Each structure stands twice: as C-alpha cells, then as structure tokens.
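Undergrad: Submitted below is the structure of interest, expressed as structure tokens.
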Amino acid sequence: MLEGLLIGLSTAFSLTNLAMVIGGCLIGTFIGMLPGLGPMSIIAIMIPIAISIGDPSAALILLAGVYYGAIFGGSTSSILINAPGVASTVATSFDGYPLARQGKAGKALTVAAISSFSGGTIGAILLMIFAPMLANVALLFQSPEYFGLMVVGLSAIAAFAGTGNVAKALLMTLLGLIMATVGEGALFNLPRFTMGIMDLQSGFGFITLAMAMFALPEAMYLVLDPSRSETEGGSNEIKDLRITRDEAWSIAPVIGRQSIQGFLIGVLPGAGATIASFLGYAVERNIASKEEQEQFGKGSIKGLAAPESANNAACTGSFVPLLTLGIPGSGTTAILLGALVALNVTPGPRLMIDEPQIFWAVIVSMYLGNLILLILNLPLIPYIAKILAVPRNYLIPFILFFTLMGAYIGQNNATELMILVGFGVVATVLRFADYPLAPLLIGFILGSMLEDNFSRSMQLFGGINFILERPMTLGLLIIAALLVVVPSYRARRARARAEGAADGD
449 MLEGLLIGLS TAFSLTNLAM VIGGCLIGTF IGMLPGLGPM SIIAIMIPIA ISIGDPSAAL
509 ILLAGVYYGA IFGGSTSSIL INAPGVASTV ATSFDGYPLA RQGKAGKALT VAAISSFSGG
569 TIGAILLMIF APMLANVALL FQSPEYFGLM VVGLSAIAAF AGTGNVAKAL LMTLLGLIMA
629 TVGEGALFNL PRFTMGIMDL QSGFGFITLA MAMFALPEAM YLVLDPSRSE TEGGSNEIKD
689 LRITRDEAWS IAPVIGRQSI QGFLIGVLPG AGATIASFLG YAVERNIASK EEQEQFGKGS
749 IKGLAAPESA NNAACTGSFV PLLTLGIPGS GTTAILLGAL VALNVTPGPR LMIDEPQIFW
809 AVIVSMYLGN LILLILNLPL IPYIAKILAV PRNYLIPFIL FFTLMGAYIG QNNATELMIL
869 VGFGVVATVL RFADYPLAPL LIGFILGSML EDNFSRSMQL FGGINFILER PMTLGLLIIA
929 ALLVVVPSYR ARRARARAEG AADGD
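The working numbering numbers the first residue of the sequence shown as 449 and each following residue consecutively.
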C-alpha cells in the first residue's frame, strides 16, 4: 500500500494532473449548483474531451473531479432556493433551506462544506485501506440483498413522519411507489400506465419530480404568500457564517457515523449517494433525542450534516466496485466505466497490479480534490449566500427558469414541462394540507429498484422463499422493521408520559 501511495503521489502531483483535479472540481461544483444537469450529463458530454487527453490517469482524474465536485456543489441550490442541484442533495434541502429562511444561509453553507469535505476525505481514506476487502463483500450482495436494502430505504419514512404523522407519510410513500410503476416494467418490456403517451414509456423523470416537489411549490408559495419573501429573522442580511464550538462538537459524531455508513452504501453496486443521503438522514433522526427530533425538518444542523457527509462518502465508495470489480456502483460510475473502456483500461481485480498508477492516482486525487473544494467554497460562501439578498420578486422568475430548464434538460422533451407544472400544483396543495413530500420522493426513487430486484429474486429462487434462504436479506428486513417500529414506540411512550403528566396535574 505504501508503494502504491508513492506511485499515486508522483502521478497525481504532476502539473497536468493537478490541473485536471482543479478543472474537474470547478466544473463539477458549477454544474452541481444548476438544477437538472447533474454529474451524469456533464460526464457524458466530457468523455470525448477526456479521451482526447490521451493519458488514462489524467482523464479519469478529470472525470472523477467532476463527479465529486458536482456532489459537493449540489447542496448550494438545495440550501438557498430549495431546488436540489443533484438527486443526492434532495435530503440536504430538508434542513438546509429552513436554515436559510431563518437568516442562517451562511452557517448552512459552512456546515455543508465542512460535512462534504469530511465525508469525502474519510471516504478516500477508507477506499485506500479497505478497497480490496470491500470488493469481496460487495460480491456477496445479490438481488435478494438489494431488495432488502431497498426496503431499508423505504423504512426511512419514519424519519420524515414525525409524531402523529406516520399515516400521511405512509400514504405519500405508497403514492411514490405507484408513480414508479409508470413506464416499462421489470418482468416484461411493455409500457404500463402511460395512457398512450410515448414520452412516458420510460417513466417520469426524477429531476422533473424533484423540481415539482420542492422548487416549484416554493415559488408558488412566494407568490401566494408575500410574507414568505422575508426570512424568518426579518432581514436578508448575510450573517453568522461561522459555526460555534458547541455546534462543531454536536455534528462531529454525525459526520463520523455517516461518512462510514455512506461509504459502505456507496460500495454496494446500484446503491449510490442518493440512497446513502436518505438513510443517513433517517438514521440520525431516529437516534436523536426527542428535542432534537423536533428540530429535524425545521433547521437542524445535524439534519444538514448527515446527508452531506453520507452522499460525499458514498460518491467515493462507489469507486470500489468500479476499480476493483469493473462493476459500476451508480449511474455516474457506469458512465465512468464506459470512459475507462474507451481509454483501453480494464477495471477489475488486477487493476492495482497491472496499472497501479491509475488506481492510486485516482485515490490521491480524491484527497487533493476535497481539499481544493473546501478551499474554493469556504471563501466564496459570503458571496454565494448573497443570493438571498436578491428581492424575491426578482428571485421567483430565476427559480422558475432554472426549474423549467432543469426539467427539460433532464428528458429533453416538452412533455416534462407539462408534467412539472401538473405535479407542482398538486405538490403545492399537498403542502398546504401538511402532507410530507420527502416520503413520496423516496418511494419513487427506490420503487423501480425494489421492483427489479424483487422480480429477479422471485425468478431465481422460485418464489418468496428467498427471504428465509438468504440470512443477509432477512437481517436487512429486520433492520427495516426496527427503523419503523422504534420511532413509533418512542412516540407512543412520549404520548403516554404526556397523558400521565396531565392526569397528575
């Protein structure tokens, strides 16, 4: 490992590769801030540029920098205008945007930057140490285990339900699962519930749905309720950029836990940073004290630090199956796999032996990239946060423009715009009725993967017996049940104590 690190250092610190790291981070950060583009689109566009470089190490360092730069920068639009830049930063908006509305946009961006840096750095260290071993663990996961993992993700609804709101959260999750069935099915390549509309054959676009659930309702709220055009603190002045020592100590264990958990989820092929961010948020809310739980969704810095640490660590972890097995750990790494093949590089168990300069240079570049991202982002926070000082009557058209542009770019057809407006109106009504929208998005994201893996498991094992035949699957389902039961039990105990106190009075 020491020899590999020396090779990686000598390769990554060349002038060309340093320029690739900086360039990739800058491009990724900018793209991550724009709703609808995301790392997959820009990496696909940049593959010809990477191939023209000629050096596989430099090309992969550039593309990897774009990837984790986009994840790093995607939190900005989530926090400032409630429009997630990439899918994995949806959970960031749950507490990041409320903090911005409280006049703490600078603090929210600082927490996001530190959490992202820590998650990415811890992920890079774990990648260096455990990559060969974790590759073998990833091979143990088959369709039944992925089905169990998806159920664990769906059980995260407990994190968004709150006391007495479980029924609404369950209903919204089921609605998300139903929406995920639109388009071609897992068993047969036949369209379902498309109503004869060809553009729906591949289903609803995630970016369209994310914009409809979060950005568009916020713009409508600003129009319908002018009082929301001011921050809750009564001023748009950017202040409170630093976090206190107590706040730093409170989020430190959150960052540590979710960096490790996010990395492990990222290692699993097909899981990715989006699932890691939702699970990270769910776990931290479930283990928080009752007082802290009430702050989740209202501006909790723990609720902001958890998904930001998890998604950046998962981004790094997804390189484990890519480099050591040749299996993409996410949609973005699937595109990176295509780039590697185009560069005549064969990822797999022998990559560390046959071409160590590529493997170790990528790992070292991740250390450098996360440091560069922190250096670039922290000084810019006061200027980035000043977007909140823009009068809302000017900001609303920009929110609508980027929302519509993001939805159109996501699928490249005008039908998405009609779907966006329709879902946006429905989402606004649901918000007025106090229905949580996050469970719907979780159900939609995990629905297709849940169906695919369940169908494949049923075919491979001849029925539902795979749950009992696969101990790891059974263990994951037990964890999922605990994630739902424990918060409900704690809420029931809290109500019982409150009723007992009332009777005592």
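Quick reminder that beta carbons are idealized off the backbone N, C-alpha and C, glycines included. Computed from a predicted structure; not experimentally measured.
(1) Can you grab the Cα-Cα spacing for the pair Pro504 / Pro919, in whole Å?
(2) Would you call Thr772 buried or exposed, if buried means 16 or more other Cβ atoms sit within 10 Å of its Cβ?
(3) Around the Cβ of Thr692, are there at least 16 other Cβ atoms within 10 angstroms (buried) or fewer (exposed)?
(4) For Thr764 versus Gly720, is the C-beta spacing smaller than 8 Å?
(5) Over the uninterrupted alpha helix (DSSP H) stretch that includes Glu724, give me the two end residues.
(6) Can you give me the C-alpha to C-alpha distance between Asn465 and Ile820, rounded to a whole angstrom?
(7) Kindly indicate the opening and closing residues of the alpha helix (DSSP H) around Gly910.
(8) Just verifying my parser: in three-state terms, what is the DSSP assignment at Gly544?
(9) Whose CA, out of Val599, Pro496, Ser757, lies closest to the CA of Ala539?
(10) Can you say whether Phe849 is buried or exposed, counting buried as having 16 or more other CB atoms within 10 angstroms of its CB?
(11) For a test of the three-state rule: what should DSSP assign to Pro795, helix, strand or coil?
(12) Under 8 Å between the Cβ atoms of Ile806 and Gly554?
(13) Once DSSP output is grouped into helix, strand and coil, what is the label at Arg640?
(14) So, Asp603 versus Ala928, is the Cβ gap smaller than 8 Å?
(15) Taking all protein chains shown into account, do 16 or more other C-beta atoms lie within 10 angstroms of the C-beta of Lys738, making it buried, or fewer, making it exposed?
(16) Quickly, what does DSSP pair Glu739 with across the bridge? List them, please.
(17) Have a look at Gly923, Val469, Pro496, Leu463 and flag the residue whose alpha-carbon is nearest the alpha-carbon of Ile783.
(18) Among all the DSSP beta bridges, which residues are the ones paired with Glu632?
(19) For Lys750, name the three-state secondary structure that DSSP assigns.
(20) With a 10 Å radius around its C-beta and 16 neighbouring C-beta atoms as the bar for buried, classify Gln907 as buried or exposed.
(21) Between Ala724 and Asn759, which are expected to be in contact by the criterion C-beta below 8 Å, what is the C-beta distance as a whole number of angstroms?
(22) Taking Cβ to Cβ, would you say Met668 is nearer than 8 Å to Gly872?
(23) Could you check what DSSP says for Arg693 in three-state terms: helix, strand or coil?
(24) Please name the residue, chosen from Glu740, Ile912, Tyr815, that lies closest to Cys473 on a Cα-to-Cα basis.
(25) If Met659 and Leu868 are in contact, beta carbons under 8 Å, what's the gap, nearest whole angstrom?
(26) Can you find the residues in the same chain that come closer than 6 Å, C-beta to C-beta, to Thr876, ignoring five residues on each side of it along the sequence?
(27) Taking the alpha-carbon positions, what's the Arg945 to Glu740 distance?
(28) Between which two residues does the alpha helix (DSSP H) carrying Val869 extend?
(29) Give me the Cα-Cα distance between Leu824 and Pro592, rounded to the nearest whole angstrom.
(30) What first and last residue would you give for the alpha helix (DSSP H) that runs through Pro504?
(31) Residues in its own chain within less than 6 Å of Met897 by CB, not counting five upstream and five downstream?
(32) Under 8 Å, do Ala507 and Ala696 count as touching if we go by C-beta distance?
(33) Please classify Val599: does DSSP put it in a helix, a strand, or coil?
(34) I think Ile479 touches Ala518, with their Cβ atoms under 8 Å apart; what is that distance to the nearest whole Å?
(35) For the alpha helix (DSSP H) that Val469 lies in, which residues bound it at each end?
(36) So, at 6 Å on beta carbons, what are the nonlocal neighbours of Val933 in its own chain, with the 5 sequence-adjacent residues on each side left out?
TA: On the basis of the supplied data:
(1) 41 Å
(2) buried
(3) exposed
(4) no
(5) Note on identity: in this sequence residue 724 is Ala, with Glu being the wrong assignment. 720–735 is the span of the alpha helix (DSSP H), which, as asked, contains Ala724.
(6) 13 Å
(7) No alpha helix (DSSP H) holds Gly910; DSSP gives it neither H nor E.
(8) helix
(9) Ser757
(10) exposed
(11) coil
(12) no
(13) strand
(14) The sequence as given places Ser at residue 603; Asp does not occur at that position. Cβ atoms of Ser603 and Ala928: closer than 8 Å.
(15) exposed
(16) Per DSSP, none; premise fails for Glu739.
(17) Pro496
(18) Pro639
(19) helix
(20) exposed
(21) 6 Å
(22) yes
(23) helix
(24) Tyr815
(25) 6 Å
(26) Pro665, Met668
(27) 18 Å
(28) 863–880
(29) 43 Å
(30) 504–521
(31) Met598
(32) no
(33) helix
(34) 5 Å
(35) 463–481
(36) none
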